[in-house]
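Per the working numbering, the sequence shown starts with residue 714, numbered consecutively. A virtual CB, placed ideally from N, CA and C, is assigned to each residue, including glycine. Report on the following structure.
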Amino acid sequence: MSSADCIPVITVDGPSGSGKGTVALAVAQALGWNFLDSGALYRVVGLLSLRNPGVPPAQLADAIDLHFDKAADGTPRVWLGSEDVSLSIRSEAVSQAASRVAADPAVRAALVKAQRDFRQAPGLVADGRDMGTVIFSDAGLKIFLTASVEERARRRHKQLIEKGQSANLDDLLRDIGDRDRRDRERSAAPLRAAEDALVIDSTAVDVDSVVQQILSQRALVASG
Ligand code: DC
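What follows is the structure, encoded as structure tokens:
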């Protein structure tokens, strides 16, 4: 057991659009803990694989030069070397590429250490698909956040329209459904709730209520 294993971790897993990114970041901010958006790592490998179609994605993942920081308004930013890729990794093309590379066991293996390195004092909130099942399977509190496909497509649609991008609800519904299927059915670390995870359905619940629910569980775990 290394000293990092004593640092507390809360994992927040779930499908895209379940609100887990927003929820996990808010929990990290409330506790003053570090935050890992593990999807950003897969998205960056997806972006690189679109730019370098001839190179095996695992090779790109191995050499990944990635770091996170915060913009002046507190929003997390993602850097690939000296390039700010925060926006480009959120496009639908990169979302699809990320889902494809994430199904490759060699890519997943190449990213394990980079993810575990985020476990630093005073604690970590880790957002992803396999945080509770694989990467931090010893986490003290594991959350699995879900929402209906329709609600998730509606949220994504609203997000894109607010950003001034064009979006079609039917296309989003189909893309999210496809991505879910790939994430759940892949053999390497498929999306599923850990046996000891608390499952929260956010379809009809706002972000603040979910955050409060997690923080109250955290208090129980800490005092238990
Ligand atoms: O959470 P996200 O939508 O940014 O994730 C992008 C893709 O990466 C998505 O298809 C699922 C995949 N992913 C994964 O397989 N494992 C993780 N821990 C995080 C994301």
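A direct Cα-to-Cα measurement between Q930 and L854 gives close to 8 Å.
According to the DSSP secondary-structure assignment, I913 is paired through a beta bridge with L858.
In terms of CA proximity to S900, D843 leads the group D843, V920, V722, D718. Rounded to whole angstroms, H870 and S716 show a C-alpha spacing of 43 Å. When C-alpha distances from G794 are compared across D778, A785, V807, Q809, the shortest belongs to D778.
At least one heavy atom of the ligand DC sits closer than 8 Å to the Cβ of D896.
Around the beta carbon of T846, a 10 Å sphere encloses 16 or more other beta carbons of the protein chains shown; the residue is thus reported as buried. By the criterion of a C-beta distance shorter than 6 Å, P903 is surrounded in its chain by R897, once the five residues flanking it on both sides are discounted. Less than 9 Å separates the beta-carbon of D750 from that of G841.
For G841, DSSP records a beta bridge to D726.
Between V791 and S804, the C-beta gap is not smaller than 9 Å, which leaves the two residues out of contact. If the five residues before and after W746 are omitted, its C-beta is found closer than 7 Å to the C-beta atoms of P835, G836, L837, V838, all from its own chain and listed in chain order.
Contact between I856 and L773 is absent: CB atoms are separated by about 30 Å, not below the 8 Å threshold.
DSSP places R829 inside the alpha helix (DSSP H), whose first and last residues are 818–829. CA-CA distance, R756 to V825, rounds to 15 Å.
Around the beta carbon of D919, fewer than 16 other beta carbons sit within 10 angstroms, so the residue counts as exposed.
Contiguous beta strand (DSSP E) elements confined to the stretch 769–813 occur at 779–783, 789–793, taking only those with 3 or more residues.
Within the same chain, and ignoring the five residues on either side of A866 in sequence, the residues whose Cβ sits closer than 8 Å to its Cβ are G730, L882, L885, L886, I889.
Per DSSP, L749 is one residue of the beta strand (DSSP E) stretching across 747–750. When only Cα atoms are considered, T916 and L761 end up about 33 Å apart.
Under the DSSP assignment, L885 falls in the alpha helix (DSSP H) whose first and last residues are 882–898. Its Cα nearest to that of S850, the residue A906 stands out among A906, G877, A816. If you check the C-beta of A753 against the ligand DC, you find a heavy atom less than 8 Å away.
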